[in-house]
Each structure stands twice: as structure tokens, then as C-alpha cells.
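Following the working numbering, the numbering of the sequence shown begins with 28 at its first residue and continues without gaps.
Everything below concerns the one structure shown next.
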Amino acid sequence: MNYESISQSFSSYFNAKPKFIVRAPGRVNLIGEHTDYNDGFVLPMAIDREVCIALNPRDDETIRLFSLDLKSDSVFNLHSLTPSDGWIEYPKGVANQLLKAGYQLKGFDAVVTGDVPQGAGLSSSAALELATAKAFAMSSGFEWDAVEMAKLCQRAENEWVGVNSGIMDQMASAACKAGYAMFLDCRSLEIQHVPLPQRVSVVILDTSTRRGLVESAYNERRSQCEEAARWFGVKALRDVRLDSEKWKIESRKMKEERELVFKRARHVISENERVLEAIEVMKKGNVKRLGELFNESHESLKNNFEVTNEALNIMVECAREQAGCYGARMTGAGFGGCAVALVDDENVEAFVKAVETVYKQRSGLEASVYVCKASEGASQV
Ligand code: GLA
Numbered sequence: 028m029n030y031e032s033i034s035q036s037f038s039s040y041f042n043a044k045p046k047f048i049v050r051a052p053g054r055v056n057l058i059g060e061h062t063d064y065n066d067g068f069v070l071p072m073a074i075d076r077e078v079c080i081a082l083n084p085r086d087d088e089t090i091r092l093f094s095l096d097l098k099s100d101s102v103f104n105l106h107s108l109t110p111s112d113g114w115i116e117y118p119k120g121v122a123n124q125l126l127k128a129g130y131q132l133k134g135f136d137a138v139v140t141g142d143v144p145q146g147a148g149l150s151s152s153a154a155l156e157l158a159t160a161k162a163f164a165m166s167s168g169f170e171w172d173a174v175e176m177a178k179l180c181q182r183a184e185n186e187w188v189g190v191n192s193g194i195m196d197q198m199a200s201a202a203c204k205a206g207y208a209m210f211l212d213c214r215s216l217e218i219q220h221v222p223l224p225q226r227v228s229v230v231i232l233d234t235s236t237r238r239g240l241v242e243s244a245y246n247e248r249r250s251q252c253e254e255a256a257r258w259f260g261v262k263a264l265r266d267v268r269l270d271s272e273k274w275k276i277e278s279r280k281m282k283e284e285r286e287l288v289f290k291r292a293r294h295v296i297s298e299n300e301r302v303l304e305a306i307e308v309m310k311k312g313n314v315k316r317l318g319e320l321f322n323e324s325h326e327s328l329k330n331n332f333e334v335t336n337e338a339l340n341i342m343v344e345c346a347r348e349q350a351g352c353y354g355a356r357m358t359g360a361g362f363g364g365c366a367v368a369l370v371d372d373e374n375v376e377a378f379v380k381a382v383e384t385v386y387k388q389r390s391g392l393e394a395s396v397y398v399c400k401a402s403e404g405a406s407q408v
């Protein structure tokens, strides 16, 4: 991101220098998919794509946001927040939650820009939410508590925007550390920063497909998981393990009577175990096994959780065939968007070119493939 040019855009739009520049990143989830709303484990890392806001505090309660990408201006007042539509609902939802939580907010003038692809499963909305929260922290002078802000932004997304997402994306955008992946226990919100393997690149593979109706399919998966938890008599699927008596006895009956619910549960429970194993093998530097876990995760998302689409399956196949690829899987909510691959540094350049070519041949679609850097959670520039 070119902060100098954002600062200049601010100056030419508002005729003043911005007092603050803040940013919050998108994320790629390495492993632990559809586990967050089951109180489970995830392993995202923040990426070097972000939402950036340059701002100047105001003396009143007006928020004026100029989107550099859309070349359009949006204005709202902190004390008469009313729902409308479009991207401005994210900042509005965050303001609403901050006010509800008792923060004293000041207005600001701002320009906003971002390079997280939208609808690709890289959390462009969480990045916008956390960047907004950070902008308020600067304009209003309150202390930044990453976990608190992540929870608040998730509530904004759930209640104001109306998307029933889990806590992973906001936690990743708020609390990741540069150079590390973040192991998160979504029940306790305890964090462990795990160093990324050496001499290995994390590559994002955008299929360029964006599927509609993601929300209803997402909510359907959530309720199937809740049904499974009730079946097992536990608070969340996090509380069941594949080697437990509970699973052995109950899952057989479930498979006969509620096959889909059984498949969903099998994905979540096995995925949680894969995340725990991923942490162990990363600590030992066993990239080969980490790659296998990526592959197993994808197969489970494809066959049990059924949230991949053809483009994602083709993409993952193209990636796995290339020299130096340890493993590949879809990432994010699914139904379209991106996959992620682990690739040996020595092969990565050839990998990017080959995947783009082979993917196009097989799918007829144009891929965007890029190596990404693990970056820092929301911060002031
Ligand atoms: C979306 C949601 C997250 C998480 C993932 C799937 O990104 O926002 O909370 O559930 O899907 O792992």
C-alpha cells in the first residue's frame, strides 16, 4: 500500500494533511475451516493486502468517508445511525457497536482505500471493520484492545450487516503478528503466534469465481453443526473427538438417521484435530505433513462439508501437481473464492506461472495467483 499517495489524496480532497493513517489486513486461513462457530480451532495469518484509512478528527459527530476506489462520498451522523446499504454499512455497524459498548466517539473526515479482493474469502469486510475501529480509536483517543475490538466488529457484522459469521476473520485482522500464523482457540479466544515454516511460501490461488447465496448455505451449515452438537449432548462440536466413546456410539446412529448432519460433524471434528496436529508439525518443521493436512482438509470440505465448487477443486488439483507443492486447500467460507497452497521457495516462481496456465486450460477461467507475506494486525501507520 502506498501510504504517501493516500495521504496526498486526503490532502487534495479535504485541503488538509491527515492527522492519522490506520490500516487493517485481510487474512488467509491456513487450516481450520468452518470450525470457529463450533468453538473450535483455526490457524489464519494476516496478509499483505489491507484496508487503509487516512483521517482527521472533527469536532462534531459527523463521519465523512471518501472511497478512493469507488470515487464516492458517504456521510453519516453518530447519533442518528440508520441502516441503508453498500460498503458504508460496515463502518456504520462498527460505530453502532462502539456506542453501544459505551465508547465516547468523535467524528472524522477520511479517505478509504483497500486492495483485499472482495468476496474472495480473504476477509475484506473484517479488514474494513477493524480499520474503522482503529480510525475511531485514533479520532476519539481510546485505548486499543485487539480482542475487544475483534468481538465488537464481529457483532457489527452479525447484527448490523446481518451476516452470521464466526470470530476468526476479525481476530485475524486485529491480532495477527507479522511473520507468524495465529493459532486461535475460538472458545477462550486464547492466541498462540506460531512461526511460519522456513523456506516455504504461502500462495493464494484466486479461482475468480464468486458464488451467490453463500450466506444461506453458510447459515444452513451452522444449524446442521448445532443439530449435531445437540445430538451428542455437548455445547459445541469442539467437545467431541473422533476417538471418544461418544463418537463411536452416537455417530453410527446419526449416520443412519441424519446422514448430512453426520457428514458435517465429521468434517468439523476431524478438522479441529487437523489444526492441533498442524501446530505440532509446524513446531517440528515438518512441512511435508503440514501439506498433507492441507490436502486432507480440502477433501473433507469437498466431500463431508460440501462447500467447495468445481473451480476450487480444479485449482487445488492444478496446484498439487506442481513440483515443490506440499499441499493445497480451499480457504475461507468456500463456494468460490480462493485456495491456498504451501510451496517450496525454490519452486515458487515456476509454480505461479504453471498454475495460472494449467488452471486456465482446465477451467477456462483466469486465475490470480500470488505469494503472500504474513503481516501485522490492525495498526497505525
Ligand atoms: C467465513 C466466516 C468465518 C469462518 C469461515 C469458515 O470466513 O466469516 O467466521 O466461519 O467463513 O471457516
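Backbone N, C-alpha and C define an ideal beta-carbon position, used for all residues, glycine too.
If you're wondering where the values come from, they're calculated on a predicted model, not measured in any experiment.
Strictly by DSSP, which residues pair up with GLN407?
Locating residue 407 in the sequence shown gives position 380, where the first residue counts as 1. VAL49.
Using alpha carbons as the reference points, say which of GLU253, PHE163, CYS365, ALA128 lies closest to VAL398.
Here residue 398 corresponds to residue number 371 of the sequence shown, with the count starting at 1. Answer by Cα proximity: CYS365.
Do you know offhand how far ARG356's Cα is from ASN56's?
Counting from 1 along the sequence shown, the entry for residue 356 is found at position 329. Counting from 1 along the sequence shown, the entry for residue 56 is found at position 29. In a straight line, the C-alpha of ARG356 is about 10 Å away from that of ASN56.
To test your reading of the DSSP string, which unbroken beta strand (DSSP E) runs of 3 or more residues are found completely within the stretch 365 to 396?
365 to 371
For ILE296, name the three-state secondary structure that DSSP assigns.
The sequence position of residue 296 within the sequence shown is 269, counting from 1. Three-state result, ILE296: helix.
Quick one: complete beta strand (DSSP E) runs, 3+ long, within the stretch 329 to 362?
352 to 357
Using a Cβ-based criterion (distance less than 7 Å to any ligand heavy atom), does ASN56 qualify as near the ligand GLA?
As a first step, residue 56 is located in the sequence shown; it is residue number 29 there, counting from the start. Yes, the Cβ of ASN56 comes within 7 Å of a heavy atom of the ligand GLA.
Strictly by DSSP, which residues pair up with VAL414?
Since the displayed the chain opens at 28 and closes at 408, residue 414 lies outside it and no answer follows.
Cβ of TYR386 within 7 Å of any heavy atom in the ligand GLA?
Residue numbering aside, residue 386 sits at position 359 when the sequence shown is read from its first letter. Result no, Cβ not under 7 Å from the ligand GLA.
Answer yes or no: the CB of MET342 versus the heavy atoms of the ligand GLA, is any distance below 7 Å?
The residue given as residue 342 occupies position 315 in the sequence shown. MET342: no, Cβ never under 7 Å from the ligand GLA.
Are VAL230 and ALA360 closer than 8 Å when you measure CB to CB?
The residue labelled residue 230 in the question sits at position 203 within the sequence shown. The residue labelled residue 360 in the question sits at position 333 within the sequence shown. Taking 8 Å as the Cβ cut-off, VAL230 and ALA360 do not qualify as a contacting pair.
Identify which residue in ALA183, ARG182, ASP86, GLU77 has its Cα closest to the Cα of VAL139.
Translated into positions along the sequence shown, residue 139 becomes position 112. Of all alpha-carbon atoms in ALA183, ARG182, ASP86, GLU77, the one lying nearest the alpha-carbon of VAL139 is that of GLU77.
Taking the alpha helix (DSSP H) that ALA255 belongs to, which residues open and close that run?
Taking the sequence shown and counting its residues from 1, one reaches residue 255 at position 228. It spans 241 to 259 - the alpha helix (DSSP H) in which ALA255 sits, taken as one unbroken run.
Let me make sure I understand the geometry here. Which of ILE33, SER39, TYR64, GLY53 has the alpha-carbon closest to that of GLU247?
In the sequence shown, counting from the first residue as 1, residue 247 sits at position 220. With distances taken between Cα atoms, GLU247 lies closest to TYR64.
Once the 5 residues before and after ARG347 are set aside, which same chain residues still bring their CB inside 6 Å of it?
Taking the first residue of the sequence shown as position 1, residue 347 is located at position 320. Counting only Cβ-Cβ distances below 6 Å, and skipping sequence neighbours, we find ALA355.
Using a 10 Å radius around the Cβ and a threshold of 16 neighbouring Cβ atoms, would you call LEU97 buried or exposed?
By one-based count along the sequence shown, residue 97 stands at place 70. It is exposed - the Cβ of LEU97 has fewer than 16 other Cβ atoms within 10 Å.
For ALA305, count the other beta carbons within 10 Å of its own beta carbon; 16 or more makes it buried, fewer makes it exposed. Which is it?
Working through the sequence shown from its first residue, we reach residue 305 at position 278. Flag for ALA305 reads buried.
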